[in-house]
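Residue numbers for the sequence shown follow the working numbering, so the first one is 1 and each next one is one higher.
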Amino acid sequence: MAKHQFKTEVSRLLDLIIHSLYSNKEIFLRELVSNSSDAIDKLSYLRVSEEAYKALALEPRIEVRLDAVAKTLSIVDNGVGMDAKELEENLGTIARSGTRRFLEALPSEAKKDSNLIGQFGVGFYSAFMVADRVVVTSRRAGKPDAFRWTSDGKGDYVIEAAEGFTAIGAAPGASEGASEGAAEGAAGGAAGGAAGGAGPTAIPGTEVLLHLNAEGLELLSRYRVQEILKKYSNHVAYPIRLVSQEKEYDEEYKEKGTKRVDEQVNSASALWRRSKSEIKDEDYKEFYKGFSEGMGTMDEDPLFWIHTKAEGTVEYTTLFFIPKKAPFDLYRADYKSGVKLYVRRVFITDDEKELLPVWLRFVRGVIDSEDLPLNVSREILQQNRVMAMIRQSSVKKILSELAELATGDTAKYEEFIGQFNRPLKEGLYSDYQNREALLALVRFKSTFGAGWTSLADYKARAKDDQKALYYIAGGEDERLRKSPLLDIYRKQGLEVLICPDEIDEIVIQSLQPFQGLEWKAVNRSGSEEGLAKDDGAPAGEDASKAVDAARAILGEAVKDVRLSKRLADSPSCVVLDGDDPSLRLRELLKGMGGADLPELKPILELNGAHALVKRLAAAQGEEAEDLARVLLDQALLVEGAPLADPVDFAMRLNRLLK
Ligand code: ADP
């Protein structure tokens, strides 16, 4: 038995792990299962690439064994294993450059408790968070002898021969009794019940046996371990079996003994890693249902999915689903992320909202990277070059698939738009890089029909000399459609986009002209400028009299009173000056805490041809005042703006009606 000192760096790391990662100790299981999965990956590779290993039968398996009596938990695999030298190199020093960098990045003891540790893989050593002694027994593939490494994680470790060791027997069940044997731990007994036999074809594999410390005792609960395995390792490609002795009860619920339970706990189907040609639509749908459970969407098929495997400088796989219905928390500030990050099939996080841009928060799915470290922290993710590349190409991919859907399957695309048009508009506002693509994807309602239209279609229908892209915003669809402001456009055969979303105005104000068409809100003063005007109100003497009267009566209540060129049947309307926010937008900003907004005054436009306006021109005293105020108030009402004094409005109206 040879006794070895840990390299000082390892001792320091162990100390850090035990004291800093304390709060999230369950991740040790993810790390160890991932090691096992890697080991099986390596052996599978050897078997296909090297003659000497072809004779080895491999039925890949990972077992997590619980022993409540011995208070141990072990992670066992039939992967490539380690010989004595590898045990020393891999577990006695810090082989990985990531771990070394971690230590170098620690400037002083004071930084001990910082989050730094989360930025680098700590791997195997995390076992010491829940164990006060760890025994690793292993046989390297192709080697006859097995070895055992034992340490209490304090300062030294021993390596000795482990005769007769087999991690997992050839046939399932052959390892029965292994956990009893393992309870002996480093005492030198055979850890495995079934003999693997010596010689170059002896069964390789590794058992990592943890003697649980006080912190780790909860791990003796099968339920708890299953929960952790499902959370982090559900999609590890190899079956993970959880093996334990569980109490048995008779019909009267009296304990009658224990039985061995040996069940696979993971789905072992990293669906996204399989090649597209192997996966049926049904598989995707089923996967989505399980995956999106608890993510705020309905238990139904997704609208569609996008499965991408990228190879090159950055290797990753993504599988994104677009739900049929918007998740219920889509417009809540505390919405839950729908994208899970995996690194080499190992779950990393489902609580990172920056994996995709916020406007794509309705997407559900998986990003699985080959190049990120397992213990990547949130801070690192946000600045990580690999992550930035994955994110950028994922957005591009989603956008191009949507574009394809928009032309290839209009009905489905409109179903998508019905749910997610608004997030796309958010993207228009916030995602400058992808604005072009998004402009092609957003849809609008319009005065030409009840359906959706794209901007390109609007442009195609526009008149040859048309310079503007007209829109009306600030209210519900139906009310906007009835607005008197639309009169002139209807008469001229000009199409106006109906923009009922709260955010429409803000979004549109941030846009450049679309293919030469300047965005023009129809409720702005001057927006009707340049429209041919041959049948509107004649600007007679009466009309200017009415305007003067209204201006004098309304005074500070309006910014100005003008003769309208846009009204046909309505007597009056209010419009906004230049860049003033609309009344509706103002309400919105106020609601969001914009308390110091300057008082907003509309411009009142009068229809010189309307009887009420003519009456105003001739009226005196109280009647003139009633007419002017009612013309303003009704125009505000039509705009959906609250009246300052509704009672006053009603009284004046009644007097006029008498
Ligand atoms: P890593 O991130 O490289 O897995 P670890 O500290 O977790 O870092 O492990 C160090 C090394 O020990 C691994 O790279 C691997 O070579 C070896 N190792 C760990 N666990 C196993 C295992 N179950 N089977 C074979 N080799 C293993």
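Each residue gets a CB set at the ideal place from its N, CA and C atoms; glycine is no exception.
What are the residues that DSSP puts in a beta bridge with residue i?
i      : result
HIS610 : According to DSSP, which records beta bridges pairwise, HIS610 is partnered with nothing at all.
TYR470 : VAL496 and LYS520
VAL343 : VAL346 and SER369
ALA161 : PHE147
LYS445 : TRP452 and ILE498
THR318 : THR308 and ILE367
VAL64  : ILE75 and LEU242
ILE503 : Per DSSP, none; premise fails for ILE503.
THR137 : ARG148 and GLU207
By a C-beta neighbour count over all protein chains shown, 10 Å radius and 16 as the cutoff for buried, is residue i buried or exposed?
i      : result
TYR470 : buried
ALA190 : The predicted position of ALA190 is uncertain, since its pLDDT is 36 and thus under 50; a value taken from the coordinates is nonetheless stated next. It counts as buried.
VAL48  : exposed
LYS425 : buried
SER570 : buried
ALA617 : buried
PRO144 : exposed
GLU109 : For GLU109, the predicted model reports a pLDDT of 46, less than 50, meaning its position is unreliable; a value from the coordinates is still stated below. GLU109 is exposed by the Cβ-count criterion.
PHE328 : exposed
ARG629 : buried
VAL496 : buried
GLY185 : Caution is warranted here: a pLDDT of 35 is assigned to GLY185, below 50, making its placement in the model unreliable, and no coordinate value can be reported.
GLY449 : exposed
GLY81  : buried
LEU657 : exposed
TYR342 : buried
SER292 : buried
LEU32  : buried
VAL647 : exposed
SER277 : exposed
If we ignore side chains and look at the alpha-carbon of each, how far apart do residue i and residue j end up?
i      : j      : result
LEU374 : ILE228 : 16 angstroms
VAL575 : PHE304 : 43 angstroms
VAL319 : GLY365 : As written in the sequence, residue 319 is Leu, which differs from the Val given in the question. The alpha-carbon atoms of LEU319 and GLY365 are separated by roughly 5 angstroms.
LYS154 : VAL376 : 26 angstroms
GLU88  : GLU255 : 45 angstroms
SER430 : SER454 : 20 angstroms
GLN512 : GLU518 : 7 angstroms
THR166 : ASP77  : 10 angstroms
GLY427 : ASN434 : 8 angstroms
MET298 : GLU415 : 15 angstroms
ARG222 : ILE62  : 16 angstroms
LEU46  : ARG140 : 12 angstroms
SER267 : ARG65  : 18 angstroms
ASP371 : GLN382 : 15 angstroms
ARG385 : ASP487 : 54 angstroms
THR313 : MET389 : 10 angstroms
PRO323 : ASP283 : 16 angstroms
SER275 : VAL261 : 34 angstroms
ASP67  : TYR53  : 33 angstroms
ASP664 : LEU356 : Since the first and last residues shown for the chain are 1 and 658, residue 664 lies out of range.
LYS25  : GLU263 : 24 angstroms
CYS573 : LEU604 : 6 angstroms
ARG655 : LYS614 : 18 angstroms
GLU587 : GLU529 : 28 angstroms
ILE503 : TYR331 : 12 angstroms
GLY451 : LEU438 : 19 angstroms
ARG30  : ARG422 : 38 angstroms
Alpha carbons only, please: which of the options is nearest the one belonging to residue i?
i      : options                           : result
LEU56  : LYS3, ALA202 and GLY530           : ALA202
ARG345 : LYS445, SER233, ASN266 and TRP519 : SER233
GLY257 : GLN264, ALA162, ASP38 and GLU248  : GLU248
LEU563 : LEU606, ASP577, ASP580 and GLY530 : LEU606
ALA635 : ARG524, PRO484, ALA650 and ARG655 : PRO484
ALA460 : GLN515, ALA161 and THR407         : GLN515
TYR316 : ASP368, GLY475, ILE488 and ARG241 : ASP368
LEU58  : ILE40, ASP560 and PHE347          : ILE40
LEU210 : LYS614, ASP560 and ASP132         : ASP132
GLU246 : ARG391, GLY621 and VAL69          : VAL69
LYS353 : LEU632, LEU73, ARG391 and PRO323  : ARG391
LEU91  : GLY530, SER138, ARG378 and GLU278 : SER138
GLY169 : PRO204, GLU278 and PRO602         : PRO204
ILE27  : ILE306, SER37 and TYR125          : TYR125
VAL363 : LEU554, VAL339 and GLU556         : VAL339
Indicate, with yes or no, if ligand 3 has a heavy atom lying under 7 angstroms from the CB of residue i.
i      : result
GLY142 : Of the ligands this structure carries, namely ligand 1, none is ligand 3.
Unbroken alpha helix (DSSP H) runs of length 4 or more, entirely within the stretch 188-270: which are they? 222-233
Starting from the N-terminal side, write out each stretch of the alpha helix (DSSP H) that is 4 residues or longer and does not extend beyond the stretch 385-448. Fully enclosed alpha helix (DSSP H) runs of 4 or longer: 385-408, 410-430 and 435-441.
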